[in-house]
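In our numbering, the protein residues as written are 72 to 305.
In this text, a Cβ means the ideal position worked out from N, Cα and C, and glycines have one as well.
As the structure is a prediction and not an experimental result, all values here were calculated from the model.
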């Protein structure tokens, strides 16, 4: 550690000398001398070297069943907070995120919880569209569909692993029909996987802006408190 800190100090001194020479050539004052950054090494624990914490995303309070989470969906969830787009009035970003009390959107310092019905309807329509079956939200995907799609995705991943480990075999001309049938199954699986991700995807920018507008138009102190109780005087 001492050796690394000495190297960091030498690098900082060399950078300062170069900056001073450049300032002198221009007839300017020399820059302020910066302290070298401390070198931090991973701490050793009983389980080995401590590494940086991985990104996490809690499923609690978000109505996401663990058995419905596939690898693709998990990677999607780890991208939050997610920018939905620019607000049409000022161009500032509108962001969707998840917190201890559920999903919410934020813009210019204002946070607004996403109503469960709006969130459900938006996502069900998106899931139906992903499967090529647009229709009313009430007839669209539900939690049971999500679990079924996730299970199919997991089973498909296991089958792919088994195929990778299998030895090459002779394929005759009659297998072409089977390949064609399999391609149809793959297309259906791809639609189901896309629908699963859409079922837990972000809301539209228009919906987020509408929720934020209603939040701003509500008089201060009106409505219910954080725990669902009516505020005094509301």
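As computed with DSSP, residue 175 is found in a beta bridge with 168 and 184.
If you look at residue 157, you'll find it in the beta strand (DSSP E) that goes 153-157.
In the three-state DSSP reduction, residue 260 falls in the helix class (H, G or I).
Selection 282, 274, 281 and 266 evaluated against residue 154 yields 274 as nearest (Cα-Cα).
Only exposed fits residue 149, as fewer than 16 other CB atoms lie within 10 angstroms of its CB. Counted as a single uninterrupted DSSP element, the alpha helix (DSSP H) harbouring residue 277 occupies residues 276-288. For residue 139, no alpha helix (DSSP H) encloses it, and the DSSP letter there is neither H nor E. Looking from the CA of residue 131, the closest CA among 102, 163, 157 and 169 belongs to 169.
A Cβ-Cβ distance of about 6 Å is found for the pair residue 268 and residue 147, placing them in contact under the 8 Å criterion. Rounded to whole angstroms, residue 202 and residue 270 show a C-alpha spacing of 11 Å.
Non-local beta-carbon contacts of residue 137 in its own chain, meaning distances under 7 Å to residues more than five positions away in sequence, involve 130 in chain order.
Residue environment analysis places residue 180 among the exposed positions, since fewer than 16 neighbouring C-beta atoms fall within 10 angstroms of its C-beta. Taking residue 190 as the centre and dropping the five residues before and after it, the same chain places the C-beta of 174 and 274 closer than 7 Å to its C-beta, in chain order.
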